[in-house]
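A.B. asks: Each residue of the sequence shown is one higher than the last, beginning at 297 in our numbering.
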Amino acid sequence: MLWKRIGVIIFGIGLSIWIGQGVRAAAITTACQRPGWFPTTFGLKDHSVFWYSGFYYLISTHIYPDDRFAYGRSSDLCTWEELAPVLPKRTPGAWDEAAIWAPFVYEENGVYYLYYTGVTYAIAQSIMLATSTNPADPASWQTHGVIFQPTHQYTVWGGFNTWSNCRDPTMLKIGSIYYLYYTGLDQAGGIVGVATASSPLGPWTDWGAILTLTNGMAESSTLASNGGSYYLFYHDTSKGERFRIGPGPTGPWTEAYGFAPGWAHEIWQGQDGYEYTSFLTDYSVTISHLIWDTFYNPPLPFIGENVYHLMLPLIVH
Numbered sequence: 297m298l299w300k301r302i303g304v305i306i307f308g309i310g311l312s313i314w315i316g317q318g319v320r321a322a323a324i325t326t327a328c329q330r331p332g333w334f335p336t337t338f339g340l341k342d343h344s345v346f347w348y349s350g351f352y353y354l355i356s357t358h359i360y361p362d363d364r365f366a367y368g369r370s371s372d373l374c375t376w377e378e379l380a381p382v383l384p385k386r387t388p389g390a391w392d393e394a395a396i397w398a399p400f401v402y403e404e405n406g407v408y409y410l411y412y413t414g415v416t417y418a419i420a421q422s423i424m425l426a427t428s429t430n431p432a433d434p435a436s437w438q439t440h441g442v443i444f445q446p447t448h449q450y451t452v453w454g455g456f457n458t459w460s461n462c463r464d465p466t467m468l469k470i471g472s473i474y475y476l477y478y479t480g481l482d483q484a485g486g487i488v489g490v491a492t493a494s495s496p497l498g499p500w501t502d503w504g505a506i507l508t509l510t511n512g513m514a515e516s517s518t519l520a521s522n523g524g525s526y527y528l529f530y531h532d533t534s535k536g537e538r539f540r541i542g543p544g545p546t547g548p549w550t551e552a553y554g555f556a557p558g559w560a561h562e563i564w565q566g567q568d569g570y571e572y573t574s575f576l577t578d579y580s581v582t583i584s585h586l587i588w589d590t591f592y593n594p595p596l597p598f599i600g601e602n603v604y605h606l607m608l609p610l611i612v613h
């Protein structure tokens with residue numbers, strides 16, 4: 297990252313200028329100018345990127361239809377091999393009978409855990425799970441059914457035959473505790489909620505909202521950490537992409553900052569050791585470096601290769 301600060305002080309008609317320079321981030325190490333997956337015959341939506349045996353894998357809500365997961369892999373984040381879809385069969389009467397949305401993949405001890413939203417024909421949503429020890433084979437993912445539905449006080453969730461919001465899972469291990477983040481609805485408004493467990497399989501204790509929006513719904517939430525602070529990213533349906541900062545994985549959170557470009561951001565570390573974000577641009581996935589700008593305290597995240605600061609304090613005598 298290269299940043300410059302330029303200040304100007306005027307004493308009568310005198311002029312003084314100073315310039316400070318920081319550190320440049322390494323250029324993105326890919327074979328193209330615009331990393332990402334841009335399919336032409338279908339669209340992508342909420343997604344997850346992970347590494348397995350020499351390839352980056354990208355699994356995404358398939359648009360349209362949304363009754364399977366699009367699946368691809370790439371060695372350079374530029375050229376993607378489309379693989380067979382994941383979990384393509386829907387079963388009438390199951391909690392994912394109509395659609396599957398918002399996959400998130402977590403790996404531990406060689407097991408890959410695929411958390412996702414199952415949707416009924418009434419748009420009732422639950423968090424479901426599949427696992428694989430060989431994700432190179434799209435057919436290797438084995439389903440475990442529903443693992444989470446909200447039960448906390450004041451939740452608004454009606455069950456199988458009612459539109460019920462519980463979607464967009466992200467699962468992270470922090471210390472010895474597993475945190476399952478989801479988006480849903482409370483009596484007070486749209487929420488990002490959290491549940492905890494001592495195993496990636498659960499059982500999950502639902503603690504309810506860690507963020508409530510009185511207007512609009514929260515969607516596509518994810519969590520990142522930097523320098524001892526935690527960053528909650530989410531899409532506010534009334535305001536766009538946002539993030540907030542807190543001292544711990546459940547907050548309390550600052551006021552919201554805008555975040556651009558794109559939406560439904562995922563944050564992950566590449567094999568080159570640098571941090572990346574993948575995000576939606578229309579219905580395709582763009583990939584970029586995520587930069588932490590230490591000009592601010594705590595640091596603020598930015599997308600791209602460079603951040604510039606222009607400071608023009610003016611003092612007149």
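The beta carbon of each residue, even a glycine, is placed where N, CA and C say it ideally should be.
Below 8 Å CB to CB, which residues in the same chain sit around T600 once its five sequence neighbours on both sides are set aside?
C.D. replies: Stepping through the sequence shown from its first residue, residue 600 is reached at position 304. A quick correction: the sequence has Gly, not Thr, at residue 600. Excluding residues within five positions, the ones whose Cβ falls inside 8 Å are S584, H585 and I587.
A.B. asks: Can you give, in chain order, each stretch of the beta strand (DSSP E) that sits fully within the region 514-580 and has at least 3 residues?
C.D. replies: Counting whole runs of 3 or more residues, the region 514-580 contains the beta strand (DSSP E) stretches 514-522, 525-532, 536-542, 559-565 and 571-577.
A.B. asks: Beta strand (DSSP E) containing L379: first to last residue?
C.D. replies: By 1-based counting over the sequence shown, the position of residue 379 is 83. Careful: L379 lies outside any beta strand (DSSP E) and carries neither H nor E.
A.B. asks: Assign Q317 to one of two classes, buried (16 or more other C-beta atoms within 10 Å of its C-beta) or exposed (fewer than that).
C.D. replies: As a first step, residue 317 is located in the sequence shown; it is residue number 21 there, counting from the start. Bear in mind that the predicted position of Q317 carries a pLDDT of just 39, short of 50, making it too unreliable to give a figure here.
A.B. asks: Could you work out which residue in I443, S356 and N405 is closest to S428 when comparing CA atoms only?
C.D. replies: Translated into positions along the sequence shown, residue 428 becomes position 132. Considering only alpha carbons, the answer is N405.
A.B. asks: Between the Cα of H440 and the Cα atoms of T413, D482, R463 and D464, which residue gives the shortest distance?
C.D. replies: Stepping through the sequence shown from its first residue, residue 440 is reached at position 144. Residue T413 is the option with its Cα nearest to H440.
A.B. asks: What does the Cβ neighbour count give for V407, buried or exposed, with the cut at 16 atoms within 10 Å?
C.D. replies: Locating residue 407 in the sequence shown gives position 111, where the first residue counts as 1. When all chains shown are included, V407 counts as exposed.
A.B. asks: In whole angstroms, give me the CA-to-CA distance for S472 and T336.
C.D. replies: Within the sequence shown, the letter at position 176 stands for residue 472. Within the sequence shown, the letter at position 40 stands for residue 336. Approximately 42 Å between the Cα atoms of the pair.
A.B. asks: Under a Cβ-count criterion, where at least 16 other Cβ atoms within 10 Å of its own Cβ denotes burial, should P388 be classed as buried or exposed?
C.D. replies: Locating residue 388 in the sequence shown gives position 92, where the first residue counts as 1. Counting Cβ neighbours within 10 Å, P388 comes out exposed, since fewer than 16 surround it.
A.B. asks: Tell me, please, whether the region 486-498 touches the region 458-475 by the rule of three or more beta-carbon pairs shorter than 8 Å.
C.D. replies: In short, these stretches touch, since the Cβ pair count reaches three.
A.B. asks: Could you give the DSSP three-state label for A395: helix, strand or coil?
C.D. replies: For the purposes of this step, residue 395 is identified with residue 99 of the sequence shown, where counting begins at 1. Strand at A395.
A.B. asks: Suppose the cutoff is 8 Å on Cβ atoms and the five residues either side in sequence are ignored; what does the same chain contact list for W265 look like?
C.D. replies: Absent from the structure is residue 265, since the part of the chain shown begins at 297 and ends at 613.
A.B. asks: So, do the region 531-544 and the region 366-384 have three or more beta carbon pairs nearer to each other than 8 Å?
C.D. replies: In short, these stretches do not touch, since the Cβ pair count stays below three.
A.B. asks: Helix, strand or coil for A322, going by three-state DSSP, please let me know.
C.D. replies: Position 26 of the sequence shown holds residue 322. Unreliable placement is indicated for A322, whose pLDDT of 46 sits below 50; the coordinate value is still reported in the next sentence. DSSP places A322 in coil when its eight states are reduced to three.
A.B. asks: From Y570 to I563, what distance separates their C-alpha atoms?
C.D. replies: Indexing the sequence shown from 1 puts residue 570 at position 274. Indexing the sequence shown from 1 puts residue 563 at position 267. Cα to Cα, the separation comes out at about 11 Å.
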